[in-house]
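Under our numbering, the sequence shown is numbered contiguously, ending at residue 206.
Structure record follows, encoded as structure tokens.
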Amino acid sequence: MSAGLSLAHEPVVGVPHGKLAMWIFLASEIMFFSGFFGAFIVLRNSNLEMFSHSAAELNKWLALLNTAVLIGSSLTMALSILNLQRGNKKNFQLFLGLTIVCGFIFLIVKTIEYASKFNHVDEVFPHGIYPSSNVFFAFYFTMTGFHALHVICGLIPMIFMLSKSFTKEGYNKPVKVETLGLYWHFVDLVWIFLFPILYLIFPAHH
Numbered sequence: 001m002s003a004g005l006s007l008a009h010e011p012v013v014g015v016p017h018g019k020l021a022m023w024i025f026l027a028s029e030i031m032f033f034s035g036f037f038g039a040f041i042v043l044r045n046s047n048l049e050m051f052s053h054s055a056a057e058l059n060k061w062l063a064l065l066n067t068a069v070l071i072g073s074s075l076t077m078a079l080s081i082l083n084l085q086r087g088n089k090k091n092f093q094l095f096l097g098l099t100i101v102c103g104f105i106f107l108i109v110k111t112i113e114y115a116s117k118f119n120h121v122d123e124v125f126p127h128g129i130y131p132s133s134n135v136f137f138a139f140y141f142t143m144t145g146f147h148a149l150h151v152i153c154g155l156i157p158m159i160f161m162l163s164k165s166f167t168k169e170g171y172n173k174p175v176k177v178e179t180l181g182l183y184w185h186f187v188d189l190v191w192i193f194l195f196p197i198l199y200l201i202f203p204a205h206h
């Protein structure tokens, strides 16, 4: 009877409940971002010239820097998980700390990029570039803004885990860190799609 009761509390699919919930959440997030990507592509195809000129206003080098930063953060996140599993507390703290630093670098660079848009003045955009400037920038600010929000939501539990690891009790919950790692890799993957769609794939002029 006790065995039956204990089995009732086990995850049916052999996956920890937290990790299963994360997979379900990420599936919904994939649909959310896919809707944005699909709408962007459809509208781009009907506004080729405007989208092309608007995309040319973006800073590809800052975006490339952020791409490298996020790819590096995926590596450091994986190494932090590996070291926690191996019981190497110092390396866990080191690599999780580096992941947090990468996240903040990404946000700082994105803030610089946004500021340059708000302060950009020319004949086409005499009052700066904002989400209301045109359809392209409405999508640009919405998609990158939501992505930046996801980065912030990933950094908050990371900071908690890192600070907890320096206490007397320490932090030894590999499954929770692995679950957060899934989320962080997803955030990085979304940017890998955003980067070429917004910055590199320019519609051809007629």
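All C-beta atoms in this analysis are idealised placements derived from N, C-alpha and C, irrespective of residue type, glycine included.
Source: prediction; values computed, not measured.
Give the secondary structure of residue i by DSSP, where H, G and I count as helix, E and B as strand, and everything else as coil.
i           : result
residue 157 : helix
residue 162 : helix
residue 176 : helix
residue 192 : helix
residue 56  : coil
Going by beta carbon distance, what residues of the same chain come within less than 8 Å of residue i, once the five residues before and after it are set aside?
i           : result
residue 69  : 102, 105, 106, 109
residue 132 : 138
residue 67  : 191, 192, 195
residue 130 : 117, 118, 137, 141
Within 10 angstroms of its Cβ, does residue i collect 16 or more other Cβ (buried), or is it exposed?
i           : result
residue 184 : buried
residue 122 : exposed
residue 86  : exposed
residue 127 : exposed
residue 225 : Past the boundaries of the shown model lies residue 225; the chain is included only from 1 to 206, so the question cannot be answered.
residue 31  : exposed
residue 40  : buried
In terms of alpha-carbon separation, which member of the options lies closest to residue i?
i           : options           : result
residue 100 : 78, 86, 169       : 78
residue 26  : 201, 181, 197, 49 : 181
residue 96  : 161, 145, 46      : 161
residue 34  : 146, 94, 91, 159  : 146
residue 120 : 41, 57, 46, 72    : 57
residue 200 : 48, 47, 55        : 55
residue 153 : 164, 64, 130, 186 : 186
Only counting the same chain, and skipping five residues up and downstream in sequence, which positions put a Cβ closer than 6 Å to that of residue i?
i           : result
residue 175 : 16
residue 188 : 70, 74
For residue i, which residues of its own chain have a beta-carbon under 7 Å away from its beta-carbon, when the five flanking residues on both sides are left out?
i          : result
residue 43 : 135
residue 88 : none
residue 47 : 135
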